[in-house]
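*Asks:* Sharing a structure below in structure tokens format, with a few things to ask.
Number of protein chains: 2
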Amino acid sequence: MENPRELFQIMTRRFGMLNKNCCSSGGNDLSLVQSHILYEIDRLDQPNVQQVADILGMDITTFSRQIQTLVKMNLVKKSQLPEDRRIHILSLTTEGKYTAAAIDAEMNQYLEEVFSHMNEFEKETVLRSINLLNNAMAKSTVCCKPLI
Amino acid sequence: MENPRELFQIMTRRFGMLNKNCCSSGGNDLSLVQSHILYEIDRLDQPNVQQVADILGMDITTFSRQIQTLVKMNLVKKSQLPEDRRIHILSLTTEGKYTAAAIDAEMNQYLEEVFSHMNEFEKETVLRSINLLNNAMAKSTVCCKPLI
DNA sequence: AATAATATTTGCAAAATGCAAATAAAATGA
DNA sequence: TCATTTTATTTGCATTTTGCAAATATTATT
């Protein structure tokens, strides 16, 4: 087989292309990063600004501004924590949840189309493999440290 | 298992983080896109500007400017085709080849570290799966059309 | 020769990025 | 307790990236 990096390079690029088309759900036109942000806020439990920025590997200042944009778009809510008023908890608004769900559905639909080009066994193997990979990356010291 | 999109989302993000650290090889500090550009120019045979932009799914004007930067950095050479002087062929300079190879080696080293967290059989399965996936994406109608 | 088509570049204005510094609030410690 | 340090988040600013529209350069077509 070819070199591993080659395989990964191609795969991530193609998935990135999928992702690119995905994010115009619900009237709102989102960038790729913005869709990642919605995804993580949805996934995590009461995360604060710093946590989400860390998980996404984004600079905190860039992230802060992205959040401001998403708040203006009425997709994200930011609420100061009473116990510690330095901390601001992020959550999705109803519209944000709707948008996140729409993107998720659309992406899964895309992926189904991709999987339609292989048989059920192959599909299962692929999904299991990616799971394996994610776990390995989680253990890795060279990346991915800040995750849940 | 979780939903497929979830798996992909996490995987591509983590690989992206790997990629982020990768690109400072050889003194030159490259962005992620720039490393992708070097990679594709290296891989393809005498590609022109339009072809590489298409493969990377980049806007041609953005791409044109990135090439200008890489030419200034002495990593890429752009030569007008005598038979059709509208077309400009891209190639890597010696320094560009060196840089591309250094990045490739570094990425493979990172990936080896990741694979060290699984056994040989799992590694083989994962690599085969990604290959399967790439082929399926290549056939897909929802992405990835412009590829080699 | 005039017009259309193709390949690439520039003009601009918007968005994204990231460092340094500012602000706000809590924790620590003499 | 009050001064200092630490933590969380935001702004200032300068750079880079992006992409549409238009310009340029060159070849193909009529």
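Residue numbers (this note's numbering), protein chains in the order written: chain A, 3 to 150; chain B, 3 to 150.
Heads up, the beta-carbon is just placed ideally off N, CA and C, and yes, glycines get one too.
1) Which residue comes first and which comes last in the alpha helix (DSSP H) that contains His38 (chain A)?
2) Report the partner residues of Leu113 (chain B) according to the DSSP bridge assignment.
3) Should Ile43 (chain B) be labelled buried (16 or more other beta-carbon atoms within 10 Å of its own) or exposed?
4) Could you have a look at Ile89 (chain B) and say whether DSSP puts it in helix, strand or coil?
5) I'd like to check one pair, Leu20 (chain B) with Val144 (chain A): are the Cβ atoms closer than 8 angstroms?
6) Give the DSSP-derived three-state secondary structure of Glu124 (chain B) in the structure shown.
7) Roughly how many whole angstroms lie between the Cα atoms of Gln82 (chain A) and Leu113 (chain B)?
8) Using Cβ-Cβ distances below 9 angstroms, what residues of the segment 44-56 of chain B are close to chain A?
9) With H, G and I counted as helix, E and B as strand and the rest as coil, what does DSSP make of Gln82 (chain B)?
10) Can you list, in chain order, the residues of the segment 71-92 of chain A whose Cβ is nearer than 9 angstroms to any Cβ on chain B?
11) Helix, strand or coil for Asn50 (chain A) per DSSP?
12) Exposed or buried, what is Asn137 (chain A) when buried is set at 16 or more other beta-carbons lying within 10 Å of its beta-carbon?
13) Under 7 angstroms from any heavy atom of the ligand ATP, does the C-beta of Arg45 (chain B) make it?
14) Could you list which residues in chain A have their beta carbon closer than 8 angstroms to that of Gly59 (chain B), in chain order?
15) Taking 8 angstroms as the threshold (beta carbon to beta carbon), is Leu32 (chain B) in contact with chain A?
16) Identify whether Leu134 (chain B) lies in helix, strand or coil by the three-state DSSP scheme.
17) Rounded to a whole number of angstroms, what is the C-alpha to C-alpha distance between Gly98 (chain A) and Thr95 (chain B)?
18) From the DSSP output, in three-state form, read off Leu77 (chain A) for me.
19) Taking all protein chains shown into account, do 16 or more other C-beta atoms lie within 10 angstroms of the C-beta of Phe117 (chain B), making it buried, or fewer, making it exposed?
20) Does the CB of Gln11 (chain A) have a neighbour CB from chain B at under 8 angstroms?
21) Taking 8 angstroms as the CB-CB cut-off, is Ile69 (chain A) touching chain B?
*Replies:* Straight from the coordinates:
1) Stepping through the first sequence from its first residue, residue 38 (chain A) is reached at position 36. Run containing His38 (chain A): Leu34 to Arg45, per the alpha helix (DSSP H) assignment.
2) For the purposes of this step, residue 113 (chain B) is taken as residue 111 along the second sequence, with counting starting at 1. In the DSSP assignment, Leu113 (chain B) forms no beta bridge with any residue.
3) Here residue 43 (chain B) refers to the residue found at position 41 of the second sequence. With 16 or more other CB atoms across the displayed protein chains lying within 10 angstroms of its CB, Ile43 (chain B) is buried.
4) Position 87 of the second sequence holds residue 89 (chain B). Coil at Ile89 (chain B), not helix or strand.
5) Here the question's residue 144 (chain A) lines up with position 142 in the first sequence. Here the question's residue 20 (chain B) lines up with position 18 in the second sequence. With respect to the 8 angstroms criterion, Val144 (chain A) and Leu20 (chain B) are classified as neighbours on the basis of their beta carbons.
6) Walking along the second sequence from the start, residue 124 (chain B) turns up at place 122. Under the three-state reduction of DSSP output, Glu124 (chain B) falls in the helix class.
7) In the first sequence, counting from the first residue as 1, residue 82 (chain A) sits at position 80. In the second sequence, counting from the first residue as 1, residue 113 (chain B) sits at position 111. Using only the alpha carbons, I get a separation of about 40 angstroms.
8) Taking 9 angstroms as the Cβ-Cβ cut-off against chain A, the residues of the segment 44-56 of chain B that qualify are Arg45.
9) Indexing the second sequence from 1 puts residue 82 (chain B) at position 80. For Gln82 (chain B), the three-state secondary structure derived from DSSP is strand.
10) Of all residues in the segment 71-92 of chain A, none has a Cβ within less than 9 angstroms of some Cβ in chain B.
11) In the first sequence, the residue the question calls residue 50 (chain A) occupies position 48. Strand, per DSSP.
12) Numbered from 1 along the first sequence, position 135 holds the residue referred to as residue 137 (chain A). That one is exposed.
13) The ligand ATP is not among the ligands present in this structure, which contains no ligands whatsoever.
14) Taking the first residue of the second sequence as position 1, residue 59 (chain B) is located at position 57. Against chain A, the beta carbon of Gly59 (chain B) has neighbours under 8 angstroms at Arg15, Gly18, Met19 and Lys22, listed in chain order.
15) Position 30 of the second sequence, counting from 1, holds the residue named residue 32 (chain B). Not one chain A Cβ lies under 8 angstroms of Leu32 (chain B).
16) Here residue 134 (chain B) corresponds to residue number 132 of the second sequence, with the count starting at 1. Here Leu134 (chain B) sits in helix by DSSP.
17) Along the first sequence, one-based indexing puts residue 98 (chain A) at 96. Along the second sequence, one-based indexing puts residue 95 (chain B) at 93. Distance between the alpha carbons of Gly98 (chain A) and Thr95 (chain B): 47 angstroms.
18) Here residue 77 (chain A) refers to the residue found at position 75 when the first sequence is read from its first residue. DSSP places Leu77 (chain A) in coil when its eight states are reduced to three.
19) To locate residue 117 (chain B), count along the second sequence from 1; it is residue 115. Under a 10 Å Cβ-count criterion, Phe117 (chain B) is classified as buried, with 16 or more other Cβ atoms of the shown protein chains found around its own Cβ.
20) As a working mapping, residue 11 (chain A) is identified with position 9 in the first sequence. Chain B contact via Cβ: present.
21) Position 67 of the first sequence, counting from 1, holds the residue named residue 69 (chain A). Not one chain B Cβ lies under 8 angstroms of Ile69 (chain A).
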